[in-house]
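Have a look at the structure below, then the notes.
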Amino acid sequence: MKQATPSRLSLGKVVGQMATPLSAVLIAFLLLAAGLAAAIQLEQLGRVEKLRQTTVQAQVLANGIAAPLAFEDDVALQEYLNALKADPQIVAVAAYDGKGAFAAGFARPPARLPKRAEEASRDAPPAALAVTVPVKQGGTRLGSVYLQSTMDSLSRRLTRYLGIAVIVIAAAVLIVMLAASYSSLRRAHQALQAEIASRQQAEEALRQSQKMEAMGQLTGGVAHDFNNLLMVASGGLDLMERTQDAARLEKLRAGIRQALDRGAKLTRQLLAFSRRTPLNPEVVDLRERIRGMDALLERSLGESIGVTMHLPADLWPVEVDASELEVAILNIALNARDAMQKGGTIVIEGANRPVHGDLPDRVQIAVTDSGAGIAPELVNKIFEPFYTTKAVGQGTGLGLSQVYGFARASGGEVLVDSIVGRGTTITLLLPRSLLAPRESDRPAEPVGASGRQRILLVEDDDTVADTVGGMLTTLGYEMERVDNGDAALRRLERADDFSLILSDMIMPGEVGGMELALRIRKHWPHLGTMLMTGYSAAAASAAKEGVPLLAKPFTIQDLSVHLMAALDHSKA
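Heads up, the sequence shown is in this note's numbering, so the first residue is 272 and it goes up one at a time.
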């Protein structure tokens, strides 16, 4: 929420900050004084403007009477001046010849006409709006014209200022009333703000609790899966040490690589799944996103539950929080698993729902199980927070409430179709997005260094440093390693003869990876920097500062592509 600057404080806020009866009376008095000062100022400005208008009118008159004054036609001159009697604000008007003698004119009582031109300039009343201008033709002075006018009548001026006075008095009364009531309004506003903040905290806590319940369901399956992956990797290494057969070695190497890739994928999904962040809508390819959950679903549902997906290639994109979408799909799948005590198959189907009547285009994601079904009288309760039919310790009743909250927050809805003894279908209907989702990055072949390029590797873990250093050497880069940010700064102070600094983010010492990158940007702006991390929270700070980031674990292909991009970025 933006805060108002002092120069833009509204009148209501000023009154609120001084909301006492005495201060309100003072403000009202100042407002009345300001109104009076404004009226006086308007009167003075009005007089100046009227004098200007009189001068212009006299100049126009001087141009009009030049001919009769030149021919000494006093009758025509008098008729010309008499035409001004139609203007009630003209008090007196006179024309004088070149010698200053009176030629023609008229005056309304009690005003009088000066007998000579010099008297008109000398004897005009101080308060009178009187001007004298010369009458010329072709550069020759023929005489002069005297014009005296008056301001609006006192009654008209008072009527005009009365309107201002009414507005000022009404504003003063309003300020007094506002001050009298503002204190209670302020207390009510503070109470409302506190209630809103409390509700937002409760909603955030509920959403995180819903996510944590799903995480609890994942724990056993994930631990089992990681043990299997570690078994493949460690067993494969043992076997590789005991065989010389090239085909056998290649098969073992491929198995270890597959196990590591599966572990990395599962780790990334868990980090994204469990992060504590506000809702962040983005355009999502539903087919790609849901199919990418296969490992997550397989590990959480168990071996007795199969998953079949029917997701057409032309499924429309939607704009939702991708992490919350995955949580919702997982919660529905976990609920389906619990309904199939003897095992079975969960079917996830997607379909486009074109516009129908007043409804917009929507995308349908239906999750169907062949379990026990839900009794009709319970269907309307399953989305209530903490409602559950499971035994104590087997569920908190938060899973499906997260599904309902996600659908509503995304502008969609959730439907339930269940038959007792035959199964249940829970359907998410989400609004179609007309924007295209961001294309996924495709793996690229590793590209070696072009020319002599030196990398300063900053990594505190010796094993990781040896592995990354080996990758850099394989790619053709010259590499030097230090084990913390302080050492990296000392090395750069001696000589900054590097093409790029590749640093871990989380390291011991006072200077972490992010701090190191910012200092390099300040003191060595010609040097490129890229950070590495396996910690999702640290990745957010790197993205905020615009520092290139490589997520652990990564392959030599990933390292190659990111190094090339970071080097190109540093040269731009």
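We put the CB at the ideal spot given by N, CA and C, even for glycine.
Residues sharing a beta bridge with P339, DSSP
Bridge partners of P339: none, in fact.
Under 9 Å between the Cβ atoms of D592 and S681?
yes
Residues sharing a beta bridge with H627, DSSP
L630
In the DSSP assignment, the beta strand (DSSP E) including M785 goes from what residue to what residue?
From DSSP, M785 is part of no beta strand (DSSP E) but of the alpha helix (DSSP H) over 784-794.
What does K407 pair with, by DSSP beta-bridge criteria?
R412
7 Å Cβ shell around D640 - same chain, five flanking residues per side excluded
The answer, listed in chain order, is A607, A610, M611, G615, I617, G694, T695.
Assigned secondary structure, M750 (DSSP; H/G/I helix, E/B strand, else coil)
strand
Residues bridged to P380 by DSSP?
DSSP output for P380 lists no bridge partner at all.
Take A604 as the anchor and find which of L568, E590, V626, G621 has the nearest alpha-carbon.
L568
Beta strand (DSSP E) runs contained entirely in the region 569-631, provided each spans 3 or more residues
576-581, 589-592, 615-624
Assign A304 to one of three DSSP states: helix, strand, or coil.
helix
Can you find the residues in the same chain that come closer than 6 Å, C-beta to C-beta, to Q665, ignoring five residues on each side of it along the sequence?
Note on Q665: pLDDT 45, under 50, position unreliable in the model; the coordinate value appears next. Cβ neighbours of Q665 beyond the five flanking positions: none.
So, helix, strand or coil for G805, using DSSP?
coil
Do you know how far the Cα of S505 is from the Cα of L520?
14 Å
Could you tell me the boundaries of the alpha helix (DSSP H) in which G756 lies?
If you look at G756, you'll find it in the alpha helix (DSSP H) that goes 756-765.
Rounded C-beta distance between A535 and P824? I'm assuming under 8 Å.
5 Å
So, with DSSP's three-state summary, where would you put P647?
helix
Quickly, what does DSSP pair E553 with across the bridge? List them, please.
V591
Should the region 554-563 be regarded as contacting the region 579-586, the criterion being three or more beta carbon pairs within less than 8 Å?
Contact between the region 554-563 and the region 579-586 is present, because at least three Cβ pairs lie under 8 Å.
Excluding the 5 residues flanking T734 on each side, which residues of the same chain have their C-beta closer than 8 Å to its C-beta?
Excluding sequence neighbours, T734 sits near nothing in its chain.
Best match in S571, R528, D829 for proximity to V739 [C-alpha to C-alpha]
For V739, the nearest C-alpha among the options comes from D829.
Residue nearest to M502 in terms of C-alpha spacing, selected from A518, A517, T514, R528
R528
Cross-strand partners of Q635 (DSSP beta bridge):
A622, L700
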